[in-house]
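Notes follow the structure.
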Amino acid sequence: MPMSPSRVASAAPRPAVAALIEAFRRDGHRHALLDPLATSSRTRPPKPADFGLAPGDSLTGDGGAVMGTTHVEALFARLRAIYCDTLTLDASAVRCAERRDWLQGRMEADRPVLTGPEAAALLGRLANAQAWERHVARLHPQARRFSLEGCEALLPLLEQMLATAASHGVDRVFMGMPHRGRVNLLATLLGHPVAELLDHFATEPVHPERQRELVHQLGGDYRLRTPRGELRVSLASNPAHLESVYPVVLGRTRAARSADGPGRDRSIAVVLHGDAAFAGQGVVMETLALGLRPGYEVGGVLHIVINNQLGFTEPNRMDPMAGRFCTDPVRMIDAPVLRVGADDPEAVLHAARLAVDYRARFAADVVLDLVGYRRHGNSEHDVPALTSPALYRRLARRASVTVLYADRLVAEGRLSVAEGRAKVAAGDRFDPDAAPGTPVREAPPAIARHLDHDAADAIASEGARTGIAPLMDGRTIAAATTTTRGHAAALTATAVRFALTLLTTPPPRFEPHPMLAALLLRRRALAADDRLGVDWGTAEALACATALRAGVSLRLSGLDVQRGTFMHRQAVWHNQADTAPSSWTPLAPAARHGARLEIHNTMVSEEAVLGFEYGHSVQARDTLTLWEAQFGDFVNGAQIFLDHYISCGEEKWGLPSGLTLLLPHGHEGAGPEQSNGFLGRMLQLCGADNLRVVCPSTSAQYAHLLLDQAMTPRRKPLIVFSPKTRLMSDPRSQTPVRALAGGRFEPVLDEAAADPATVRRVVLCSGKLHYELRDGRDALSTYAPERAAEIALVRVERLHPFPGDELAAVLRRYPRLETVVWAQEETRRHGAWHFVRDDLQALLPDGIALRDVARPSSAAGATASAVLHREQQAELVRRALDD
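The UniProt record's numbering puts the first residue of the sequence shown at 1, with every later residue one more than the last.
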């Protein structure tokens, strides 16, 4: 670590001198010359007299040097130059003394000075960034490009940051940013084809069919040449919800780091923010906190705030007097902030190096606050003088950073007058070949599936490593995973027995909780008697074990997912013995062929977590990524990601995702907030083949669904309206082992026992309502058996893509059919009726009536009264069967 001169002084500084130094280290950032337009207030820096010091006083008792100075006056000048100029350090949130000392040491060390050629190259970068903006303005004056003018130093900042990262061994960078400056970044740094960018601005584009997203929201993959090696940069596409991309970038970074292997720092995250959005949007705070949780660490994030002290048109000024800044949210994670004026490019480069070095050393977040301005308002269509007249009068007189830096270099003798003029003139001539990056356009790698297993040591090695007594012979394990329909691994009887081996026996000296011990006994009974029903938690585990054994990695996250909201999963066992705490994950030994298993309980967050898991699913295409809401209703806290990423990210950006959402769903009298996963809303998001929306009614259907999602080479996002307590506990929903093994997911479940010759009424439904309808029909059969025999109950398990062919085949079984009823326990608008109605009508021949039965219209959707719930449910069942 570079040490400051103060830390190698010949003697300790006098107490008053030490207090002066500490005052600058602590509060110097409040007095810094950062704001190029001087719109924010500044406080008076401390003076030596405040500490009883005179300018000529010595610094130590023996006249020794401190920070390369021997007297107070020189020390004071040096401290002001270090902490109160155009680059400063705010380490007030950093509680770790080692980190503070490191930061202060780097700040107080002598800064490198650019040579003439280096400075000229930097000036050229700034000029080309400016030239791009002017180039677009000339060609397409009507375009909204969200200009970077006022913060052009962002581009050399990023270039320096990436080069420094490469020197630390980084070869993959995941980047997210809002709209401001994105197009400039694509053109002048990442090397995106200029013709494609300009086509987006054209009133009559050459390729309108390619424009599925606005140009200032596009991303892509790029190779970037640096003096320290080549990097792959993935700039995330994102919608207009400015900060939503932040957790997405972290999810992609985490997936890449997991693939890199433990202990390697090859993949990093760089996230750009706007000052107002960073301070104002809650997803920022959620994601900052999330990054501290197990399973969500990414080795520290490099944050860059593009700080123009405006939020759209509302002033968002720094307040040094009160010590309030837009970066204050990072105080919650003890992150340091480097503030730098955007009109001092050399200070910007130094800050970039310092930030990357800090992250590399401490694997922690760091913020670079780039303080500049916005020359053209929120967009080029804006008239900023309407709301900020004084600011924009001042700005009109402000020269560009290209002019200011050229004048500085000429004044310092590092550039001749002629060279300076030439560089400034270059700010009007865009050079499309200057970008160090090039786009990467390659087909994504095929997803590997390992369907043949080496059986020689399968069970023996598992037993030796885990202490688990096998339930099956090792010679049969090779058949544990077989193929069906060309790609899917089947839940064969052998696969089920293999999984039960792992799910029934704890490791040696492990004392399970009595509830867990009872579950293990029930699972052992399944292995002994294949007529017994498989509960939903065990069915899920069987599917996961089979997928892991086929080489598919699995990641499950959400509130309390290790145990499960309804205590049904028990994916992680906790030793109850009075010893050091220990836990056991019974599925872990199932992983083969490099597969990884992660099961993470999250903090109380939906938005940040779902955004993270979406990003993970985009990057880790060979991983089954699942997120479970504690109750399905809670998914509305992450609606942005459903509306703008999960449902349409592949169409807009070409980014497929196989993210699986588990939304516990069902009316049980638990109230509006714990009853439904917004089924109608999810179906509104469906278009073409973008989502799979499923409401399984048996444990076998659920298991086959998960396994099918795991093994499908080209996945779509899957939304599962999963069961709650009543469906899970209904023994009729628990498929016997013998029926589970060898089956597959069926989008429509007909009623095999129904007599086609007598059926006149088919009631279609999804989920647990099927069993309540069965109970109602059984009751009807006690006093009207002929009417009961006229009713067939058919389950539509997959709602999108709508299984029209399968359902039509089922309905053709009933030649005397007169009425088809769609029954749902939600209100008409909250359930599936409005989505399925047209598809159902198209299936039915003339003369067959179609009607729906639903709950009474209600804004809240579900009642919190158990009594009223039972009354409503009974009436719903009656109307579905006999109205």
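Idealized CB from N, CA, C, for every residue including glycine.
Taking the DSSP output, what are the residues bridged to residue i?
i	result
H600	S557
H574	S583
D221	S234
M175	L235, V270
L89	L338
L610	Beta-bridge pairing links L610 to no other residue.
G229	T226
L793	V763
L749	R795
Assign residue i to one of three DSSP states: helix, strand, or coil.
i	result
G533	strand
I304	strand
E243	helix
P2	The pLDDT assigned to P2 is 44, lower than 50, so where the model puts this residue is not dependable; a value taken from the coordinates is nonetheless given after this. P2 falls in the coil class under three-state DSSP.
G341	strand
H487	Confidence is the limiting factor: at H487 the pLDDT is only 39, short of 50, which leaves the residue's position unreliable and the question unanswerable from this model.
residue 885	Past the boundaries of the shown model lies residue 885; the chain is included only from 1 to 883, so the question cannot be answered.
R441	coil
P736	strand
P315	strand
S647	coil
S781	helix
R180	coil
T60	strand
H450	Reliability fails at H450, whose pLDDT of 48 lies under 50, so the model's placement of it is uncertain and the value that follows must be treated cautiously. DSSP places H450 in coil when its eight states are reduced to three.
V113	coil
V496	helix
Taking 8 angstroms as the cut-off, decide whether the C-beta atoms of residue i and residue j are in contact.
i	j	result
L881	E825	no
G666	R726	yes
F409	G420	Position check: residue 409 holds Leu in this sequence, whereas Phe was assumed. Yes, Cβ-Cβ distance for L409 and G420 is below 8 angstroms.
A629	L663	yes
V173	V270	yes
Q570	L519	yes
Y814	V759	yes
P320	S40	yes
L773	A741	no
G300	F362	yes
K652	R212	yes
V694	V763	no
A109	P178	no
Find the nearest neighbour of residue i within the set the options, judged by alpha-carbon distance.
i	options	result
A93	L126, A49, A322, I333	I333
Q709	D689, I268, L626, W822	L626
S416	G116, D275, L624, V748	G116
V284	D535, C695, A121, H303	H303
D643	F24, L685, Y83, S582	L685
R870	L799, A688, H834, G671	G671
P756	A792, S858, G169, A434	A792
V401	P36, E772, A849, A842	P36
R30	T86, A12, R180, P48	T86
R855	G282, W833, H71, L840	W833
T501	P589, V552, H568, D344	P589
L705	F678, T660, L683, P803	T660
Need the endpoints of the alpha helix (DSSP H) that residue i sits in, please.
i	result
F642	The question names Phe, but residue 642 is Leu in the sequence shown. That residue, L642, is in no alpha helix (DSSP H); it is neither H nor E in DSSP.
G282	282-290
D369	Careful: D369 lies outside any alpha helix (DSSP H), inside the beta strand (DSSP E) at 366-371.
I82	72-83
V867	866-882
A425	417-426
So the beta strand (DSSP E) residue i belongs to, where does it begin and stop?
i	result
I21	Segment 15-27 is the alpha helix (DSSP H) holding I21; no beta strand (DSSP E) there.
residue 887	What is shown of the chain runs 1 to 883, which leaves residue 887 out entirely.
E628	623-628
L122	Note, L122: premise wrong, no beta strand (DSSP E); alpha helix (DSSP H) at 116-139.
T660	660-662
A849	849-855
V763	761-765
R692	692-694
L386	Unbroken run through L386: none, as it is neither H nor E.
R798	798-800
L718	718-720
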